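What follows is a single structure, written as structure tokens, with notes after it.
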Amino acid sequence: MINRREFLANSLAAAAAPARGRADACIFLWLGGGAAQIDTFDPKRRGDGKKVAGAAYGAIDTAIKNVQVCEHLKQTAPLLDRCAVIRSITHPIVSEHAAAANLVHTGRTPSGTLQYPSIGSVVSHQLGPKTEEVPNYIVMGYPNITRDPGFLGAKYGYVYLTQTEIGPNGLVRPPDVDSTRQDRRETLLAAMREGHQNRNAGDTVIQAQGDVSRQAFRLAGPRFMNVFELNRESTTLRESYGGEFGQRCLLARRLVQAGTRFVEVSFNLNFLNGSGWDTHNDGQTNQHLLIQDLDKAFATLLLDLEKQKLLDTTLVVIATEFGRPPEFDAGGGRGHQSEAFTMVLAGGGIKSGLAVGTTDDLSKKVIERPVTIPDFHATIHNALGIDPHKNLYAGDRPVPITDHGRIVQELFA
Amino acid sequence: MVRPLIASLAWSLSAAPAPSLPGGGPVQVEIFEDLAAGKEFDLAAMKSIDRYTEPAFAFIHTPTKFAANAIPLDRSTPFILKAAYQRNYTAGSYTLRLRARGAARLFVDGKLVAQTQAQKPNTSGDDPVPPAVERGNTPLRPAAYPHQDSLAPVQLSDGPHEFVLIAAIGGKGLYPSPGELAVGIRMKDQLVDQLLGPNDAPPLTDAGWEAYSLASARRHAESDKVRRRTVSHKVSALWNARHKSQPAKPAPAIPTAPDGYPVRNTIDNFINVKLAAASAKHTAALNDLEFLRRVTLDTTGLIPTPPEIAAYLKDSPKSRRANAVNRLVDNPSWADHWVSYWQDVLAENPGILKPDLNNTGPFRWWMHQSFSDNIPFDRFVAELVQQEGSATLGGPASFSQATLNDSPPAAKADIVAQAFLGQKLSCARCHDAPFHPFKQKDLFALAAMLEGKDLKLPATSTVPQGEGGRKPNVVSALKPGESIAPAWPFAKLLEHADSGTLPVAAKSATRNQLASFLISPDNDRFSQVVVNRVWKRYMGVGIVEPADDWSRGRASHPELLAYLAHEFRASGYDLKHVAKLIFASHAYQRKAAGTAADQMSSAKRLFAGPAHRNMTAEQLVDSLHLAAGKLFDCEEMNLNPAGDRSPKQFINLGKPERGWHLTALSNERDRPALALPIAQSIVDVMTNYGWRQSRQSPATERDDAPSPMQTLILANGVLGTRIARLSDDSAFTGIALGNATVDALIEQTFTRILSRKPSAAELAMYRNLLAPVFAGRFVKGAEARSTRRESDGRVSWSNHLSAEATVIRLEEERKLRFGDKPTDRLTKDFRERYEDTLWALINSPEFAMVP
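Protein sequence lines correspond, in order, to chains A and B. Quick note on my numbering: the first sequence kicks off at 3 and runs consecutively. Quick note on my numbering: the second sequence kicks off at 671 and runs consecutively.
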């Protein structure tokens, strides 16, 4: 698991280490299912959807010289100079979604001795809160183990929402409780709480728990809940972002503005394409709709962050659990491929307008500059000003913050 | 939740199925196994493995197959169910309906009248969602996807007729359960089928089926219990004999109780000696209701019910506490409350969807039956370590699994050592432990004992030393690929011999030997570690801390520890005996003071009062439902209800009724179609209260410190909304509709939720709120509505990739936020005020704190 010599070598070479990035928040866009690199950010020659392997779509030029993307990324292409496209991501977990998603989120495979934290929890833990009134780590998607804080503890967990119109779970009142009724409830509760505290005046534990209960309601206060009111944004902007995924990206921008450190936005709109990005068989048929949705939302997000002067301090990540092979399966879709795929970084003060690593003529194998998941994590940490060589602690057991990951130095000055 | 248990049906041992009575009587069922492929219906020459009865032709559960020591076993793949029944009919035209998801045949008077096709295993998630069934005018329960209905019109003459059903259950790539296997019968003019069977068989409607299904689950659980206890009678006797034959050890000396400190039993002598030496005061005693609430939570995992409270208060003050303890340790929920604990310590971690995240099988089921049968704890440990029985159905073999772990036995060795010896070997998983006296070889030698043979050290479990460079901080004497032989690694630490042959031997000699070492009566460490765990559970902090890592702490009361360990061993390793001793002490019956975190140093631990504890996540959700008199009404923990995949990929953990029945919802794929919204609403509360949805590693403590999200998830989330909602199935609705005065209503509400009467100020506050609308609270002419949850049963793994499946689930999520439908029988104003009352009580910090 840990190559001590290399990691010590790394820290000895600290003098030659790249500068840190300038990000103080992260928006992590998750394309669940395994987004095909050959059909998005690493296009190659066309296949025929049947026996001839290759890209399903045409390719177009971008703002990066000699770098093309799929034709359905029309709005993103001219903005690629804000991005770093890493096309040589590689890991060994090809068959299982849960195991692969877990690896990409936590940077490790389960060991049975402790549970590793998700990148969101690590960032929340390392950067701390910007403000007390906003959750530090928010997930727009389903709660699952890959997103959990593991040994860092519940304090570094997340608030989640599955549908933007419903809002964050636990922070939104039930629909039939208006503010008058809520006031009445809180008055009754305050009396119960104070009665309990008064009957146990000398008991510091009871006093403390009562205080936690009282202060909790501030977290769901109007200032935070206003962040979720997307109708405060202009219709034009909302339309630029596009459908539900785009609205989530807009919400992510607002959350970052309000002080959230890490927002994971899941692209899991499976009513668009039932299998999401997991385009086996006829899941491939509507993949272009997903790509177009992603394109619209991502491009708008970059420009919006830029306009709000947030792009330099917000790292945007496009991540997925693995890619897909250039060959087509019997149903005209694609299987899984983890040996070579793409993830994208933008903002956060990283060097942008470049592509890192290359794959062969069908994006099947990495030819140059492989980037492992630990490397990917080290790079994200570095962009956020987190020392990628430090240890986290599970109790008093040191756990290196990544599993000997090395920063992609090209992305830093 | 305690419910009236259905009386177990007689266990039939006759050679041939007995003829039924003219108008009624049970259906005779037989199970056959190991039929040759293609000969599944060729039963003439076969002998059945199991025989039992069902009240009607509806087969949802089948009896568990037990080994001689009562651990659950797998049946063959497939196994065959044959049901036979004879009864009189009046002459007429009838239609029979054979409903099955696999191959089945129905015979009337020896003639084949209906059959269904074999089920095809599913290979993808791409099937379409089947169309919603048009119910039209019939209340018939539609065939749940993918069951087939095969209809057979028959003419029956007056007199007796014989019905025989033969069905294949499971098969390669299929789930080994009957699904909703049933036969219905209908006369021409009847609106809906009745289940084939006696006159009182239920109709094949949703309500009829759901009631039957609930009763069937209870009936089979009860019958399993009776059968396994009968079957393992001999083995129980062997364990008793083993205990009796062990030489009695001298009882530890009991110190004189110092003056001025209260004593209820021997435990207090030990505690008081240290209190007196420190001139420390003890906390005040609990009053009777506080004691009842605490001890009921500690034994059953539930708050006391009003009838329990009333019966307790009727008891004479001198004996009521002892009577309560005796009653409570024999409550069936004793088992439920212990399962939660050992799920954490033993890292039970089943995955319901293609488990690949260090998952085990569901050994919760074997644990529950073990605590339910109160088997001696040494037997529990031996059976765990022997790891035999069914891996899928949750026998001890499911403990051995750790999917995608590079060395499951090494993971289990770490668990076993922490759980039963207080030895934390975790650091030795990858290198020699830097702060503990263990080498990596020790852990792997223990692992090899668990595995039953030599183990090769995986490269992924090492820290490469590298050539040149600085010397790393952690080293290992072992090299990747090196072979390690089974060996007991604690010979120096524990110095006792193994305890010879076990009453039941596993196939693996080294597993037997490991068990023999662990449970040796000379293994003082084992007895002490276990009683320390029990002590910690009830007193909030252990005599030794950390309870799973004894090299890092020392006993605050070593003589007390020795005394409890002696009592435990002398009782035949009976947890109930130790529990009763603790509950009977004055030390337990005092007000809590301080937290466990304050008392980690042994010098600081005086047990002047137990440490403050909050309800566990399971106690919280179970008690909330109990207070409201509501069922979880949760989805089945099953992402493949169609049953068309192997149990290696999908398992069915059943319909949860207690917190421990839940598990991680495994939606790493983030697909709305895989969501289980009600389960999620319960999991949301539990995860905020320290419950781990994924137990990849062992834990003795939970991460459950009070937090804003704990408060908010209960205050705003779906679960809290459902509990406070005055729906027609809420006990509070019943109270509100009763003829109590407003004061009586408030008092009953406090009793149900907080196990006490309201203070004068509280009574006044709620009276103020409710009295103005109390008299006029009834809505004339309104009726109770059905509280049955409409759920779309069409979504399963095989079709979850369709957009329609996504839409169905997202809509369910949205609807759920409104909570259960409120009763029509109370005015809106009264209902909202009373719901706000309930909300305030369940959200008060007092509710979740153990008194």
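Beta carbons: idealized from backbone N, C-alpha and C, even for Gly. Because the structure is a prediction, the values reported are computed rather than measured.
request  = Please list, in chain order, all residues of the same chain as residue 135/A whose beta carbon is under 7 Å from its beta carbon, the five residues on each side excluded.
outcome  = 220, 221, 223, 225, 226
inquiry  = Count Cβ pairs between the segment 302–311 of chain A and the segment 320–340 of chain A that sit closer than 8 Å; are there 3 or more?
reply    = They do not touch, by the three-pair rule.
query = the segment 163–187 of chain A: which residues have C-beta closer than 9 Å to a C-beta of chain B, in chain order?
reply = Within the segment 163–187 of chain A, the qualifying residues are 164, 165, 167, 168, 171, 172, 173, 174, 175, 176, 177, 178, 179, 183, 186, 187.
task = Throw me the rounded Cβ distance for the residue 909/B and residue 1046/B pair, which I believe falls under 8 Å.
result = 5 Å
Outcome for residue 896/B when other beta-carbon atoms lying within 10 angstroms are tallied against a minimum of 16 = Residue 896/B counts as exposed, since fewer than 16 other C-beta atoms from the protein chains shown sit within 10 angstroms of its C-beta.
key: Spatial neighbours of residue 1015/B in its chain, beta-carbon cut-off 8 Å, leaving aside the 5 residues before and after   = 1085, 1088, 1089, 1203, 1218, 1368, 1369, 1370
request  = Would you kindly report the start and end of the unbroken alpha helix (DSSP H) that includes residue 908/B?
outcome  = 903–915
task = Mind reading off the beta-carbon distance from residue 835/B to residue 767/B? Whole number of angstroms is fine, and I expect it under 8 Å.
result = Their Cβ separation, rounded to whole angstroms, is 12 Å, which puts residue 835/B and residue 767/B out of contact at 8 Å.
ask   = If you draw a straight line from the alpha carbon of residue 1309/B to that of residue 1301/B, how long is it in whole angstroms?
value = 21 Å
ask   = Taking the DSSP output, what are the residues bridged to residue 1284/B?
value = 1519/B
task = For residue 1367/B, return the contacting residues in chain A, with the cut-off set at a CB-CB distance below 9 Å.
result = 112, 113, 114, 115, 116, 117, 153
request  = For residue 130/A, count neighbouring C-beta atoms within 10 Å of its own C-beta (all shown protein chains included) and say buried if the count is 16 or more, exposed if not.
outcome  = exposed
ask   = Alpha carbon to alpha carbon, how far is residue 1421/B from residue 976/B?
value = 6 Å
query = At least one CB of chain B closer than 9 Å to the CB of residue 144/A: is that the case?
reply = yes
message = For a quick check, are the C-beta atoms of residue 840/B and residue 847/B less than 9 Å apart?
response = yes
key: Rounded separation between residue 1431/B and residue 1004/B - CA only   = 36 Å
ask   = In three-state DSSP terms, what is residue 395/A?
value = strand
inquiry  = Using only the alpha-carbon positions, how far apart do residue 930/B and residue 1271/B sit?
reply    = 26 Å
task = Specify whether the segment 368–385 of chain A and the segment 88–103 of chain A touch according to this definition: at least 3 beta carbon pairs, one from each stretch, less than 8 Å apart.
result = yes
task = Count the C-beta pairs between the segment 825–834 of chain B and the segment 761–779 of chain B that are closer than 8 Å, then say yes if the count reaches three, no if not.
result = yes
Candidates 1423/B, 757/B, 1241/B: closest to residue 963/B by CA position = 1423/B
message = Which residue wins for smallest C-alpha separation from residue 414/A, given the options 394/A, 395/A, 386/A, 392/A?
response = 386/A
ask   = Can a CB atom of chain A be found closer than 9 Å to the CB of residue 713/B?
value = Not one beta carbon of chain A lies nearer than 9 Å to the beta carbon of residue 713/B.
key: Supposed close pair residue 1479/B, residue 1378/B - CB separation, criterion 8 Å   = That belief does not hold up - the Cβ atoms of residue 1479/B and residue 1378/B are roughly 29 Å apart, past 8 Å.
key: For residue 1232/B and residue 922/B, the rounded distance between their alpha carbons   = 7 Å
key: residue 1249/B vs residue 1208/B beta-carbon contact at 9 Å   = Contact: yes.
key: Separation of residue 1060/B from residue 1035/B, as counted between CA atoms   = 11 Å
task = From the DSSP output, in three-state form, read off residue 1330/B for me.
result = Reduced to three states, the DSSP call for residue 1330/B is helix.
message = Against chain B, which members of the segment 343–367 of chain A pass a CB distance test of less than 8 Å?
response = Cβ contacts with chain B: none found.
key: Beta-carbon contacts of residue 264/A that lie in its chain and below 6 Å, excluding the five residues immediately before and after   = 28, 122, 125, 126, 139
ask   = Can the beta-carbon of residue 42/A be found less than 9 Å from the beta-carbon of residue 344/A?
value = yes
Cutoff 9 Å: residue 194/A Cβ touching any chain B Cβ = It does: the Cβ of residue 194/A has a partner Cβ on chain B nearer than 9 Å.
ask   = Pick from 1148/B, 1121/B, 1313/B, 1080/B: whose alpha carbon is nearest that of residue 1102/B?
value = 1148/B
task = Could you please tell me which residues of the segment 1111–1124 of chain B, in chain order, have their CB closer than 7 Å to any CB of chain A?
result = none
ask   = Straight-line CA distance for residue 48/A to residue 105/A?
value = Straight-line spacing of the CA atoms in residue 48/A and residue 105/A works out to 31 Å.
task = Thinking residue 1194/B and residue 1235/B are a contact (beta carbons under 8 Å), I'd like their distance in whole angstroms, please.
result = 6 Å
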